[in-house]
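Mapping of the sequence shown onto our numbering: residues -8 to 77, in sequence order. Report on the structure given below.
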Amino acid sequence: MKKEHEEEGRRLIRAPKGHFVVYVGEDLRRFVVPLAYLKHTAFKQLMQSAADEFEYSYSRGIVLPCDEATFCRVTRSLASSTSPPS
């Protein structure tokens, strides 16, 4: 998972192939996450919360209605469960 600044100069930075952008927390911090997370129950629950609260009407992108600590805890767990064995 990567944190990226929303703008570089005046251009909006797009998510790399295989990833998408979500905004999290009071400050709407931008995170770039792998599409693979959409398969996991914990992330599906975050997405459902967004749908329930915002009805997909937020114009800047997907906003997850949780704090950054919760989001980071969920994504750390997903990252460790989806990492290839070493």
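Positions of the beta carbon are idealized from the N, C-alpha and C atoms, including for glycine.
The beta-carbon distance between Leu37 and Leu26, rounded to whole angstroms, is 14 Å. This is too long to meet the 8 Å contact definition. By the 16-neighbour rule on beta-carbons within 10 angstroms, Leu29 is exposed. Of the residues Pro7, Ala60, Gly16, the one whose Cα lies closest to the Cα of Ile53 is Gly16. Ala6 places its beta carbon less than 7 Å from that of Val23.
The C-alpha of Ser72 is placed about 20 Å away from the C-alpha of Val13.
Ranked by how close their Cα comes to the Cα of Asp18, the residues Lys35, Thr32, Asp43, Glu59 have Glu59 in first place. A distance below 7 Å separates the beta carbons of Leu69 and His31.
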